[in-house]
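Participant: For the sequence shown, full-length UniProt numbering begins at 1 and goes up steadily by one. Positions of the beta carbon are idealized from the N, C-alpha and C atoms, including for glycine.
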Amino acid sequence: MDMDLLIAHPEWLLLVLAPIFFGCILLEWWFGVRAQRLPSNAQYRPAEVLCNFVLAGMHQVADIIASLFIAKIYLHLFGWRLFDIEMTLITFGLLLIAQDFCYYWFHRASHRIRWMWAAHVVHHSSENMNFSTAFRQSLMYPLAGMWLFWLPLVVIGFDPNWVVFAVLLNLGLQFFVHTQAIKSLGPLEWIFNTPSHHRVHHGRNPQYIDKNYAGVLIIWDKMFGTFEPENETVVYGITKPVNSFNPLVVTFSEWRDMWCDVSKSQLSLWQRLRILFAPPSTHQQSSTKTDA
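What follows is the structure, given as structure tokens:
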């Protein structure tokens, strides 16, 4: 696909990268899982893999629809900007770093605000870790408010299409940390999010809960006190299992539970707001467990 066309329609980026993703899945399955070189929780179970692919498709459709509208809303609301940033190699690099910083806070909020966790929990609900786990995404991210975290980049002066492109490129790069086939990347572990760091994020071990929110750069976790090294075997999943391979159940189970909690007649307005926006663990949810 022509680069100018891709920037004009950044919502197609993950589809362009899809052949690489499927190639990695095939290699992981053939050389790791099929050859029994990886643990049992790295297996490709057909029902779960199908669920993951359907979730990815639903997420992609929601992303395309949201991107069409959100980019236009950005431009409509922010006809003014602090600067008018021309995209060069240097400013593109700065955009990627700034977007990764914003992603850290979006990801952290997605674990600490129940409304956002209701979308993000989909990604954490698997008790396995392999490349197909990266496809386990929610179509509810636009409703949960993910786009709010990219507004500062537009206000600063980055073109909304480039911002959406950077967001999706960041998400695409995160595909490669969802594996147990790579134990360590040596010195790269100091700066970048790696499979080891991200396995911790998906763990429900007590010391792993709400750790390693990084997208591409692990430096944010080290700066803000949320870093945890992989020191013991990771137990994947959430503390309140979904126990279903139905994509609709996986997508909406936490929204259903949240609605049931908030609709109880005896609650005050303040109590209802706390149910929606306090940390999920406050309501005995699976929030502080597996990070994605």
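1. On the premise that Ala66 lies in contact with Pro142, defined as a C-beta separation below 8 angstroms, what is that separation, rounded to the nearest angstrom?
2. Spatial neighbours of His120 within its chain, please: CB distance less than 6 angstroms, with the 5 preceding and 5 following residues excluded, ordered by chain position.
3. Met44 by DSSP, collapsed to three states: which one?
4. For Thr194, count the other beta carbons within 10 Å of its own beta carbon; 16 or more makes it buried, fewer makes it exposed. Which is it?
5. Answer with buried or exposed for Asp221, where buried requires no fewer than 16 other C-beta atoms within 10 angstroms of its C-beta.
6. Using 10 angstroms around the beta-carbon of Ile20, count the other beta-carbons present and answer buried if the total reaches 16, otherwise exposed.
7. Can you round the beta-carbon distance between Ser126 and Tyr236 to whole angstroms, since I take them to be within the 8 angstroms contact cut?
8. Please report the residue range of the alpha helix (DSSP H) in which Gln207 lies.
9. Between which two residues does the alpha helix (DSSP H) containing Val262 stretch?
10. Just curious, the alpha helix (DSSP H) that Met116 is in, first and last residue?
11. Near Arg81, which residues of its chain fall below 8 angstroms by C-beta distance, leaving aside the five closest residues on each side in sequence?
12. Grab the span of the alpha helix (DSSP H) containing His202 for me, first residue to last.
13. Would you identify the three-state DSSP class for Leu217, choosing helix, strand or coil?
Facilitator: Based on what the coordinates show:
1. 4 angstroms between Cβ atoms; contact.
2. So the qualifying residues of the chain are Ser110.
3. In the sequence on display, residue 44 carries Tyr and not Met. In this structure, Tyr44 counts as coil in the three-state DSSP scheme.
4. By the beta-carbon neighbour count (other beta carbons within 10 angstroms, threshold 16), Thr194 is buried.
5. The residue is buried, with at least 16 neighbouring Cβ atoms inside 10 Å.
6. Label assigned to Ile20: exposed.
7. Between Ser126 and Tyr236 a beta carbon distance of about 7 angstroms is seen, short of the 8 angstroms cut, so the two are scored as contacting.
8. Taken as a continuous stretch (DSSP letters only), Gln207 belongs to no alpha helix (DSSP H), as it is neither H nor E.
9. Counting along the chain, the alpha helix (DSSP H) containing Val262 begins and ends at 247–262.
10. First-last of the alpha helix (DSSP H) with Met116: 114–124.
11. Within the same chain, Cβ atoms closer than 8 angstroms to the Cβ of Arg81 are found at Val154, Val155, Ile156, Gly157, the five residues on either side in sequence being excluded.
12. First-last for His202: undefined, no H or E at that position.
13. Leu217: strand per DSSP, three-state reduction.
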